[in-house]
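Everything on this sheet refers to the single structure shown next.
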Amino acid sequence: MHSYALDGPKGFAKDFTTVPFKGSKTFTVALKKGAYKYYCAAHEAEMFGHFTVS
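Residue 25 in our numbering sits at position 9 of the sequence shown; the count goes up by one each step and never skips.
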């Protein structure tokens, strides 16, 4: 089981799903310039990535 979370600049943090979630969801998010990290809260050490909005 997994979750999806996103952290970004200036304290931006959003948990889109929680660990018991199963299925699919669609989200629309307005992102500001800066560096972001996405990850599974239950497996953050192995399941994560980074991207930059410019």
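Note that the Cβ used here is the ideal one computed from N, Cα and C, for glycine as well. Because the structure is a prediction, the values reported are computed rather than measured.
Return yes when the Cβ of residue j is within less than 9 Å of the Cβ of residue i, no when it is not.
{"i": "Phe-37", "j": "Ala-21", "result": "no"}
{"i": "Pro-25", "j": "Ala-57", "result": "no"}
{"i": "Tyr-55", "j": "Phe-67", "result": "no"}
May I have the straight-line CA-CA distance separating residue i from residue j, to the nearest angstrom?
{"i": "Phe-43", "j": "Glu-62", "result": "23 Å"}
{"i": "Asp-23", "j": "Lys-41", "result": "18 Å"}
{"i": "Ser-19", "j": "Lys-30", "result": "11 Å"}
{"i": "Gly-65", "j": "Phe-28", "result": "16 Å"}
{"i": "Leu-47", "j": "Val-69", "result": "7 Å"}
{"i": "Val-35", "j": "Val-45", "result": "21 Å"}
Is there a Cβ from chain C that is less than 9 Å from the Cβ of residue i?
{"i": "Val-35", "result": "Chain labels in this structure do not include chain C; a single protein chain is all it has."}
Whose CA, out of the options, lies closest to the CA of residue i?
{"i": "Met-17", "options": "Phe-67, His-59, Phe-64, Leu-47", "result": "His-59"}
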